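Residues are numbered in the working numbering as their position in the sequence shown, beginning at 1, plus a constant of 18.
Read the structure below first, then the notes.
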Amino acid sequence: MSIRRIDVGPRMSQIVIHGNTVYLAGQVGEPGGNVASQTRDILATIDELLAKAGTDKSKIVQAIIWLADMGTFAEMNSEWDKWVPQGHTPARATGEAKLAGPEYLVEIIVTAAI
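Right under this line is the structure:
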């Protein structure tokens, strides 16, 4: 199987496609907002990246969500629940982590099928 990379940067690719599986790099939102606004930014970016890869959010098989503070879990979930298609909810894990900088409150990583 071939590997295709899209939006390749010096350290990482935003999208890697291997066979019928799409792997997205971890996505963060615009700094300065709250967890809800950063989550909305991230989910919009994920929609765009999945479209570039030839798929969509209904084909996400796994999501990993990192929060800078688990106290914001409900705030993130509120945005996630509005976005994820019912009947197509992926396997998901959520944890707390120190992210790349204090301005980042949420990071989401997804894997999807084509």
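Even glycine gets a Cβ: it sits at the ideal position worked out from N, Cα and C.
Values in this document were obtained by computation on a predicted structure and should not be read as measured data.
Query: Measuring alpha carbon to alpha carbon, tell me which residue in L42, D74, V26 is nearest V102.; Result: D74
Query: Verify whether the separation of the beta carbon atoms of M94 and T57 is less than 8 Å.; Result: yes
Query: From this set, P120, G119, N52, A130, which residue's C-alpha is nearest I82's C-alpha?; Result: A130
Query: Contact defined as beta carbons within less than 8 Å: I believe L85 pairs with V124. What is the distance between those atoms, to the nearest angstrom?; Result: 6 Å
Query: Which partner residues of L42 appear in the DSSP bridge assignment?; Result: I33
Query: A118: buried (16+ other C-beta within 10 angstroms of its C-beta) or exposed?; Result: exposed
Query: Looking at the unbroken beta strand (DSSP E) that takes in T112, where does it start and where does it end?; Result: 109-114
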